[in-house]
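Residue numbers (the UniProt record's numbering): 1 to 389.
Heads up, the beta-carbon is just placed ideally off N, CA and C, and yes, glycines get one too.
In this text the structure is predicted, and so the values were computed from the model without any measurement.
Notes follow the structure.
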């Protein structure tokens, strides 16, 4: 055996050893699971399928890289000029060209088949047990359970003090919401995803679900959760000033626990509706309305108009000493209820209760030295809504 043949044998052995090492490492929990740079398996069948596909293609690419670069670097070293190597002269080889064309085609087909199967599975939203509409808006999520007449908004609950570094940050900083989406395990959940204003994207990594929420369009996705727990996600499409403050929290429960939660949620929704109807017959005083109004303002309005009502020049108008807060109260009510077309001012008629709407308008008209003395009552909001329908 000459030196050239011996070199090829050593190269082949080294290549096999390297490929075996990489594949062996890839199959270990230490490499695949504990690496913060790697994709996680998740808690759904789809997420496991995506993870396994990812790992398979990753190692195919690694094996190809080892072989190609191994041969290339060995050839450069073995035939370097300092050893007197002379370039060979040869003509094209049809056989070699067929081989190096056929092998990549076979590899691509081997990668395409499971990829296509995964995509088909991911798009199959038929035979769902539960259907939920998800609507994104700046900067919150709205969930509607089609089969159970239940809907609610889900907003970030991280305090402004934490965001401003005035207090210590909690463990789930920017990842907690007031109303998480609650789902049962071992049920096929169909999502109908859309948006009210700009493009958002509903993304929960543990489910391997990421779908754009486009205004005027419905995108479908589905999941079947295997393990109870709390799973977190985020809006994954840049959607404006507070894009980073739009978390997703999903609580997955055992079916019995889910049924209990659903029954209680329906009771709570009915109680809130009755309380709102009762508020229409009451006259609320200034201290009560200002206290509630401040809470609602900080939750729903301060992100744009700022805590002190000064707004952001050129982007969001100030409310302190503004013509809106000091002017006609009916115009102020109309703006809060229906928003302002072509601007970031959203319509809050469906986002807040009538009592909350009355309170926040009262607060805006009397805070920050506005002092109009106006107390907007829930009945006024009800009348304004009736007149606009």
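Starting from residue 74, trace the alpha helix (DSSP H) in both directions and tell me its first and last residue. 45-78
Determine, using beta carbons only, whether residue 131 and residue 146 come nearer to each other than 8 Å. Result yes, Cβ atoms of residue 131 and residue 146 sit closer than 8 Å.
Using a Cβ-Cβ cutoff of less than 7 Å, which residues in the same chain neighbour residue 372 once the five nearest sequence positions on both sides are dropped? 326, 365, 366
Are residue 293 and residue 384 close, meaning C-beta to C-beta below 8 Å? no
Which same chain residues, not among the five before or five after residue 115, have their C-beta less than 7 Å away from its C-beta? The residues are 53.
In whole angstroms, what separates the C-alpha of residue 193 from that of residue 212? 7 Å
Inter-residue spacing [alpha-carbon to alpha-carbon] between residue 8 and residue 97: Residue placement at residue 8 cannot be trusted, given a pLDDT of 44 that sits under 50; the coordinates are not used to answer.
For residue 363, is the classification buried or exposed, using 16 other Cβ atoms within 10 angstroms of its Cβ as the cut-off for buried? Result: buried.
Just to confirm before moving on: does the CB-CB distance between residue 42 and residue 205 stay below 8 Å? Their beta carbons are under 8 Å apart, which means residue 42 touches residue 205 by this criterion.
Going residue by residue through the region 127-197, where are the continuous alpha helix (DSSP H) segments of at least 4 residues, counting only ones entirely within it? 160-163
Pull up the distance between the alpha-carbon of residue 180 and that of residue 38, whole angstroms please. Going by the C-alpha atoms only, they are around 27 Å apart.
Helix, strand or coil, according to DSSP, for residue 304 in the structure here? helix
Anticipated Cβ contact below 8 Å, residue 119 with residue 269, distance rounded: At roughly 38 Å, the Cβ-Cβ gap does not stay under 8 Å, so residue 119 and residue 269 are not in contact.
Opening and closing residue of the beta strand (DSSP E) in which residue 201 lies: 200-204
Hey, out of 299, 297, 381, 356, whose CA is closest to residue 331's CA? Put simply, of 299, 297, 381, 356 the residue whose alpha carbon is nearest the alpha carbon of residue 331 is 381.
Across which residues does DSSP place residue 229 in a beta bridge pair? 252
Beta-carbon contacts of residue 310 that lie in its chain and below 7 Å, excluding the five residues immediately before and after: Within the same chain, residue 310 has close Cβ partners 318, 320.
Does the distance between the C-beta of residue 254 and the nearest non-hydrogen atom of the ligand COA fall short of 7 Å? The ligand COA is absent from the structure shown, which contains no ligand whatsoever.
Residue 123 (DSSP reduced to helix, strand or coil): helix
Considering only residues of the same chain and omitting the five flanking positions on each side of residue 337, which have a CB-CB separation below 8 Å? The residues are 347, 348, 349, 357, 381, 384, 385, 388.
Leaving out five residues on either side along the sequence, give the residues of the same chain with a beta carbon under 8 Å from the beta carbon of residue 303. 139, 241, 242, 245
For residue 220, the first and last residue of its enclosing beta strand (DSSP E): 219-223
Do residue 232 and residue 169 have their beta-carbon atoms positioned less than 8 Å apart in this structure? no
Nearest to residue 276 by alpha carbon, out of 352, 328, 210? That would be 352, whose Cα lies nearest to the Cα of residue 276.
Spatial neighbours of residue 374 within its chain, please: CB distance less than 6 Å, with the 5 preceding and 5 following residues excluded, ordered by chain position. 329, 365
Since residue 86 is in the alpha helix (DSSP H), which residue starts that stretch and which ends it? Premise fails: residue 86 is in no alpha helix (DSSP H) and is neither H nor E.
Among residues of its own chain, excluding the 5 on either side of residue 230, which ones have a beta-carbon nearer than 6 Å to its beta-carbon? 251.
Pick out whichever of 104, 88, 188 has its Cα sitting closest to the Cα of residue 129. 188
Buried or exposed: residue 342, going by 16 or more other Cβ atoms within 10 Å of its Cβ? That one is exposed.
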